[in-house]
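Engineer: Next up is a structure, given as structure tokens.
Protein chains in written order, with full-length UniProt numbering: chain A, 1 to 211; chain B, 1 to 163.
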């Protein structure tokens, strides 16, 4: 199967998926934090493995990655990627603890609370994304439990590519960035990377009537 | 006369070779395994960055052989032999388990499988593993210097060490 010659039409469909999914997720995050969250225009990338890692800052970039396997009529991986200080900010907001720091020194209980807060945010965001996508496509989609990793981007993101890599050396990625701009704080941004398995594209296009 | 050192970068599912005074490295290894084959005397080395253990599991033809332990290691050996390397030894690093174990998903144990597959490939080729730094749950950046035959390893928030 040569999935890597996407027509403009097909690309637009995939962008629309990013729009609908991340849009809904941004709304959820906005309600969770009580703050305005903006969504950027999604991009659809056909990238080799190394390019995927570059999308999130390069192989050594420290990131917090939340990875979900998606099951149902469409299968694939959803990765939510934020930088360390952004994850820190999310935990601070959610636990009402401005002193929280995510570092090597973060102790056991504090780290556990942080991991669980981040996992919960991930559950909510991925759930929102997939619900919107289910409604749009009429297809059944379910996320796995979250897999949370804090490390170099290369080390974490390759796990999201394992399924795809059994079939090809390229992944089609629907990348949507959400941002929050607030005074007294740098821009908070995070990326949703939806990486459907290669077999899922035909199903998706067929279902949506553009084959 | 001064010589310039170059660092050769090896990407994911990639394999390259290097001669002194240059060094070779790969960044951000997680469950992937980086394998260095080297000829100490001739100061030639090669590095492979594999993603998966077994090419027989590929669901597509004409797959990139450098992606799999069982195909990448023999190819790396041949690349080095073609450049005149003879007395070849190995060092390896990587194969971490990046996520806490969950319900039997494919994310799990892939690091261990990659380590075993590389060890098996090396055993078949009668290449001795001089040292290795595998497993754990942290990502690694590794760099090999053919001049000293040392493999330096860096983890996030840790000091660099060599094996």
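C-beta: ideal position from N, C-alpha, C; glycine also.
May I ask you to list, following chain order, the residues of the stretch 15-35 of chain B that have a beta carbon less than 7 Å from some beta carbon of chain A?
Structural biologist: 27, 28, 29, 30, 31, 32
Engineer: May I ask which residues mark the beginning and end of the beta strand (DSSP E) holding residue 18 of chain B?
Structural biologist: Taking the first residue of the second chain as 1, we reach residue 18 of chain B at position 18. 14-19 is the span of the beta strand (DSSP E), which, as asked, contains residue 18 of chain B.
Engineer: Which class does residue 9 of chain B belong to by DSSP, given the choice of helix, strand or coil?
Structural biologist: Within the second chain, the letter at position 9 stands for residue 9 of chain B. DSSP, reduced to helix, strand and coil, places residue 9 of chain B within a strand of the structure shown.
Engineer: Could you give the DSSP three-state label for residue 102 of chain A: helix, strand or coil?
Structural biologist: For the purposes of this step, residue 102 of chain A is taken as the residue at position 102 of the first chain. Coil, per DSSP.
Engineer: According to DSSP, which residues form a beta bridge with residue 47 of chain A?
Structural biologist: The count along the first chain starts at 1 and reaches residue 47 of chain A at position 47. Paired residues: A/171.
Engineer: With 8 Å as the C-beta to C-beta threshold (strictly closer), list the residues of the stretch 57-76 of chain B near chain A in chain order.
Structural biologist: 57, 58, 59, 60, 63, 64, 67
Engineer: Where does residue 83 of chain A sit, in a helix, a strand or coil, going by DSSP?
Structural biologist: As a position in the first chain, residue 83 of chain A is number 83, starting the count at 1. Note: residue 83 of chain A maps to strand in three-state DSSP.
Engineer: Report the three-state DSSP secondary structure of residue 114 of chain A (helix, strand or coil).
Structural biologist: Position 114 of the first chain holds residue 114 of chain A. Under the three-state reduction of DSSP output, residue 114 of chain A falls in the helix class.
Engineer: What do you get for residue 206 of chain A, buried or exposed, if any count of 16 or more other CB atoms within 10 angstroms of its CB means buried?
Structural biologist: Your numbering for residue 206 of chain A matches position 206 in the first chain. Its Cβ having fewer than 16 others within 10 Å, residue 206 of chain A is exposed.
Engineer: Under 7 Å, CB to CB, which of the residues in the stretch 123-144 of chain B have a partner in chain A?
Structural biologist: Within the stretch 123-144 of chain B, the residues whose Cβ lies closer than 7 Å to some Cβ of chain A are 138, 139, 141, listed in chain order.
Engineer: Going by the DSSP bridge assignment, what does residue 26 of chain B pair with across the sheet?
Structural biologist: Translated into positions along the second chain, residue 26 of chain B becomes position 26. DSSP lists B/142 as partners of residue 26 of chain B.
Engineer: Do residue 30 of chain B and residue 156 of chain A have their CB atoms nearer than 8 Å?
Structural biologist: Within the second chain, residue 30 of chain B is the residue found at index 30, counting from 1. Within the first chain, residue 156 of chain A is the residue found at index 156, counting from 1. Against a cut-off of 8 Å, the Cβ pair of residue 156 of chain A and residue 30 of chain B comes out as a contact.
Engineer: Within 10 angstroms of its Cβ, does residue 212 of chain A collect 16 or more other Cβ (buried), or is it exposed?
Structural biologist: No statement about residue 212 of chain A is possible, as the shown extent of chain A runs from 1 to 211 and does not include it.
Engineer: How is the beta strand (DSSP E) around residue 91 of chain B delimited, first residue to last?
Structural biologist: Position 91 of the second chain, counted from the start, is the residue given in the question as residue 91 of chain B. Residue 91 of chain B -> beta strand (DSSP E) spans 88-94.
Engineer: Confirm the yes/no value for this check: CB of residue 48 of chain A, any heavy atom of the ligand ADP, distance under 7 Å.
Structural biologist: The ligand content of the structure shown is nil, which means the ligand ADP is not present either.
Engineer: In three-state DSSP terms, what is residue 73 of chain A?
Structural biologist: Translated into positions along the first chain, residue 73 of chain A becomes position 73. If DSSP states are grouped into helix, strand and coil, residue 73 of chain A belongs with coil.
Engineer: Would you report the Cα separation of residue 143 of chain B and residue 67 of chain B, rounded to the nearest angstrom?
Structural biologist: Translated into the one-based positions of the second chain, residue 143 of chain B becomes position 143. Translated into the one-based positions of the second chain, residue 67 of chain B becomes position 67. Going from the Cα of residue 143 of chain B to the Cα of residue 67 of chain B covers about 19 Å.
Engineer: For a contact meaning CB atoms closer than 9 Å, what does residue 75 of chain A contact in chain B?
Structural biologist: Your numbering for residue 75 of chain A matches position 75 in the first chain. Result: empty, since nearest Cβ-Cβ is about 11 Å, beyond 9 Å.
Engineer: Would residue 109 of chain B count as contacting chain A if we go by Cβ distances under 8 Å?
Structural biologist: The residue labelled residue 109 of chain B in the question sits at position 109 within the second chain. It does not; no Cβ of chain A falls within 8 Å.
Engineer: At least one CB of chain A closer than 8 Å to the CB of residue 42 of chain B: is that the case?
Structural biologist: As a working note, residue 42 of chain B is residue 42 in the second chain. Not an interface residue.
Engineer: By alpha-carbon positions, which one of A/55, A/28, A/15, A/171 ends up nearest to residue 43 of chain A?
Structural biologist: In the first chain, counting from the first residue as 1, residue 43 of chain A sits at position 43. Selected option, being the one with the closest Cα: A/15.
Engineer: Once the 5 residues before and after residue 25 of chain A are set aside, which same chain residues still bring their CB inside 6 Å of it?
Structural biologist: Locating residue 25 of chain A in the first chain gives position 25, counting from the first residue. 125, 128, 129, listed in sequence order.
Engineer: Show which residues of chain B have a CB atom less than 9 Å away from the CB atom of residue 167 of chain A.
Structural biologist: Your numbering for residue 167 of chain A matches position 167 in the first chain. Neighbours of residue 167 of chain A on chain B, chain order: 58, 59, 60, 63.
Engineer: Identify the contact partners of residue 165 of chain B in chain A, using a Cβ-Cβ distance below 7 Å as the criterion.
Structural biologist: Because chain B is modelled from 1 through 163, residue 165 of chain B falls outside the range shown and cannot be assessed.
Engineer: Between which two residues does the beta strand (DSSP E) carrying residue 36 of chain B extend?
Structural biologist: Position 36 of the second chain holds residue 36 of chain B. Run containing residue 36 of chain B: 33-39, per the beta strand (DSSP E) assignment.
Engineer: Closer than 9 Å between beta carbons: that is the criterion. Which residues of the stretch 13-26 of chain A meet it against chain B?
Structural biologist: none
Engineer: If you drop the 5 nearest sequence neighbours on each side, which residues of the same chain put their C-beta closer than 8 Å to that of residue 140 of chain A?
Structural biologist: By 1-based counting over the first chain, the position of residue 140 of chain A is 140. Around residue 140 of chain A: 72, 73, 134.
Engineer: For residue 103 of chain A, count neighbouring Cβ atoms within 10 angstroms of its own Cβ and tell me buried if that reaches 16, exposed if not.
Structural biologist: In the first chain, residue 103 of chain A corresponds to position 103, counting from 1. Classification of residue 103 of chain A: exposed, given that the 10 Å Cβ count is below 16.
Engineer: Is residue 91 of chain A buried or exposed, if buried means 16 or more other CB atoms sit within 10 Å of its CB?
Structural biologist: One-based indexing of the first chain puts residue 91 of chain A at position 91. Looking at its Cβ environment, which holds 16 or more other Cβ atoms inside 10 Å, residue 91 of chain A is buried.
Engineer: I'd like the list of long-range same chain contacts for residue 6 of chain B, defined as Cβ closer than 7 Å, with 5 residues on each side in sequence excluded.
Structural biologist: Locating residue 6 of chain B in the second chain gives position 6, counting from the first residue. So the list reads 22, once near-sequence residues are dropped.
Engineer: According to DSSP, simplified to helix, strand and coil, what is residue 9 of chain A?
Structural biologist: Here residue 9 of chain A corresponds to residue number 9 of the first chain, with the count starting at 1. Reduced to three states, the DSSP call for residue 9 of chain A is helix.
Engineer: Round the Cβ separation of residue 192 of chain A and residue 80 of chain A to the nearest angstrom and send it over; I've been treating them as touching at under 8 Å.
Structural biologist: In the first chain, residue 192 of chain A corresponds to position 192, counting from 1. In the first chain, residue 80 of chain A corresponds to position 80, counting from 1. Yes, they are in contact, since the Cβ atoms of residue 192 of chain A and residue 80 of chain A sit about 6 Å apart, within 8 Å.
Engineer: Does the distance from the CB of residue 83 of chain B to the CB of residue 44 of chain B come in under 8 Å?
Structural biologist: Working through the second chain from its first residue, we reach residue 83 of chain B at position 83. Working through the second chain from its first residue, we reach residue 44 of chain B at position 44. Contact: yes.
Engineer: Examine chain A for any beta-carbon lying closer than 8 Å to the beta-carbon of residue 167 of chain B, and answer yes or no.
Structural biologist: Chain B is shown only over 1 to 163; residue 167 of chain B falls outside these bounds and no answer can be derived.
Engineer: DSSP on residue 57 of chain B, reduced to helix/strand/coil?
Structural biologist: In the second chain, the residue the question calls residue 57 of chain B occupies position 57. The answer is helix: DSSP assigns residue 57 of chain B an H, G or I state.
Engineer: Using the Cβ count rule (16 or more neighbours within 10 Å means buried), how would you classify residue 128 of chain B?
Structural biologist: The count along the second chain starts at 1 and reaches residue 128 of chain B at position 128. Flag for residue 128 of chain B reads exposed.
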